[in-house]
Every structure is written in C-alpha cells, then in structure tokens.
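A short worksheet on the structure shown next.
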Ligand code: NAP
C-alpha cells in the first residue's frame, strides 16, 4: 500500500460507467474503493484486474439507498485507507418504461431514495472527511446526472429524469456551499451510454436503437464518460466548480 496516494470512492463502481471510472482512476494513481450493491462477482473481478495492472483497489459492499449501507461503505473506506480525497456519486437506477399514471408510490420512493438521497448522503459523508472546516485537506466530488435532467424522458421515465434534475440543482448548491472549504463539486450529464442499465430497465437494445437520433450517430462508451469525470477530479479542473458537463454526443 502506498499511503500518500489519494483515495477515491466510486459508488456503483463495479459495472458500467463506474467501473470505467475505477479503472481510469487507478491508472492515474488513485487508490480506489469500488462500491457495489449486490453483484460481488463483478466488483471482485474489477478489483483483480486493477491489481493485475499495478493499481490498488478494494471492493466495498453497500446499498446507497439505505443509511446502514452508506455507513458500511464509509466505514470500510476509512478502515482500508484512512484518508479520503474524492467521491464519484455514480450509483443510480432506472425503472421500466411507464407513463406517470402507471407509476406507483413505491417506485418513486425507491428511485428517489437511491438516486437523490443516496447521492446527497454520500456527499455529506465525503464533506465531513474532506472539508477544511473539519480538519480535512479538501477534495473533489463528481455527481453523475443524465441528459434526462434536461430532456425530461416523456413516456419513458419522467421520475428518473426528475431525480437527475435534483442532482443538477444539488451540484450547483453544494459547490457554492463548500467552495471555501477546499472542495470542488461538479457533475456530468451522460447521454445514451452503452451499459447494462438499459437492460435493467427492460430495454436491452436502447443504446443501439437510439444511435441515429444522436448527433454523433452512436451511443457513448463508458470510458468516454469516465475520462470527463477524471478530468473534473484532477488538478487540471482546479478552477472548475458548480459545472455540469454534457457527455452526450451532442444529444
Ligand atoms: P449500470 O451499468 O446499471 O451499473 C450500475 C452500478 O451501480 C453497478 O455497479 C451496481 O451494482 C450499482 N448500484 C445499483 N444500485 C445501487 C445501490 N442502491 N447502491 C450501490 N450501488 C448500486 O449503470 P450505468 O449505466 O453505468 O449508470 C451509472 C450512472 O450513470 C447512473 O447514475 C445512471 O443514472 C447514469 N447514466 C447512465 C446513462 C447510460 O446511458 N448508461 C445515461 C445517463 C446517466 P451491482 O452490480 O451490485 O448491481
């Protein structure tokens, strides 16, 4: 273990965009906590790949949609690394396509608990560790929003779009709240990215099917979003805070 290397927590880091962030971060010298909810196999496989490539990572189980899960995640990171320098609030879910009159209260509660409350609560724990107000050395937070926040996802999942709109607003507010405490807060809005999230929403071919509607005529790859997130975490973005970058191929 190289103790002077910065530590990054990526929620939902085991698959998709989060996994690409973990791999890229490890290559750039971050020690990485790879959070997952239930698929331990995917997290362990990624940690092994990062180690094989000379990086340092741990798998951390925990549901960001529960207080107990968030407590367990941060306790595991504290125990393994004893420092905290960056958070990527990436864990997020969609649901099956539905009109608003078909959406149950349970569906909305789960969506907002994971996508909104989870991100805000993880940011709070990160601020407690990074803020100079509490003796920390500063750091960076990147929230993963979605182009859905501005497009609205009519007829598909307006609840998901609304949850990402909340992430945009939270990014702006938190950036201003902790700007004098050494913490930068930014967000990315991915467009249609080729990951398993579409299958989890019952639309496995969504990324391919939407290609012709995207100005760049193709879905994005997870590593293309990861590169933007790594930029926002890096000293190259030292004067960037409260920004929300579209990574959407022009969508
Ligand atoms: P994905 O391929 O479905 O991967 C989701 C990851 O999040 C997995 O590692 C999963 O862990 C984890 N996860 C799910 N629920 C969790 C919870 N309650 N607590 C902790 N971890 C949880 O998703 P993705 O496409 O990479 O999406 C990542 C983020 O990008 C999400 O916030 C999503 O809304 C956003 N986004 C994606 C797209 C796109 O087109 N893909 C577009 C715009 C925005 P397990 O393996 O244990 O399930």
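Residue numbers (full-length UniProt numbering): 1 to 251. For each residue, glycine too, the CB sits at the ideal point set by N, CA and C.
Practice problem: Please confirm whether any heavy atom of the ligand NAP lies closer than 7 Å to the CB of residue 63. | Solution: Residue side-chain check: residue 63 places its Cβ nearer than 7 Å to a non-hydrogen atom of the ligand NAP.
Quiz prompt | Reduced DSSP secondary structure (H/G/I, E/B, other) of residue 215 | solution = Residue state, collapsed to three classes: coil.
Quiz item: How about the segment 14–26 and the segment 85–94: do they share at least three Cβ pairs that are nearer than 8 Å?
Solution: Enough Cβ pairs lie closer than 8 Å, so yes.
Quiz item: Taking 7 Å as the line, does the beta carbon of residue 58 fall inside it for any heavy atom of the ligand NAP?
Solution: Result no, Cβ not under 7 Å from the ligand NAP.
Self-check item: Boundaries (first-last residue) of the alpha helix (DSSP H) holding residue 223
Solution: Per DSSP, residue 223 belongs to the alpha helix (DSSP H) from 222–233.
Quiz item: How many Å lie between residue 8 and residue 100 at the Cα?
Solution: For the pair residue 8 and residue 100, the Cα-to-Cα distance works out to about 37 Å.
Exercise. Out of 63, 247, 250 and 189, point me to the one whose CA is closest to residue 171's CA.
Key: For the residues 63, 247, 250 and 189, the minimum Cα distance to residue 171 belongs to 189.
Quiz item: Near residue 39, what residues of its chain come up, given a Cβ to Cβ distance below 8 Å and the 5 sequence neighbours on each side ignored?
Solution: Contacts found: 14 and 15.
Quiz item: First and last residue of the alpha helix (DSSP H) that includes residue 47?
Solution: It spans 40–52 - the alpha helix (DSSP H) in which residue 47 sits, taken as one unbroken run.
Quiz item: What does a CB cutoff of less than 7 Å around residue 215 pick up in its chain, not counting 5 residues either side in sequence?
Solution: For residue 215, where only same-chain residues beyond five positions count, the Cβ hits under 7 Å are 249, 250 and 251.
Quiz item: DSSP three-state call for residue 203: helix, strand or coil?
Solution: If DSSP states are grouped into helix, strand and coil, residue 203 belongs with coil.
Quiz item: In its own chain, which residues sit with a C-beta less than 8 Å from the C-beta of residue 213, not counting the 5 before and 5 after it?
Solution: For residue 213, the CB contacts under 8 Å within the same chain, skipping 5 residues up- and downstream, are 251 in chain order.
Self-check item: Limits of the beta strand (DSSP E) - the one that residue 57 falls within
Solution: Element bounds for residue 57: 56–61.
Exercise. Would you kindly work out how many angstroms separate the C-alpha atoms of residue 153 and residue 142, rounded to a whole number?
Key: Taking the straight line from one Cα to the other gives about 23 Å.
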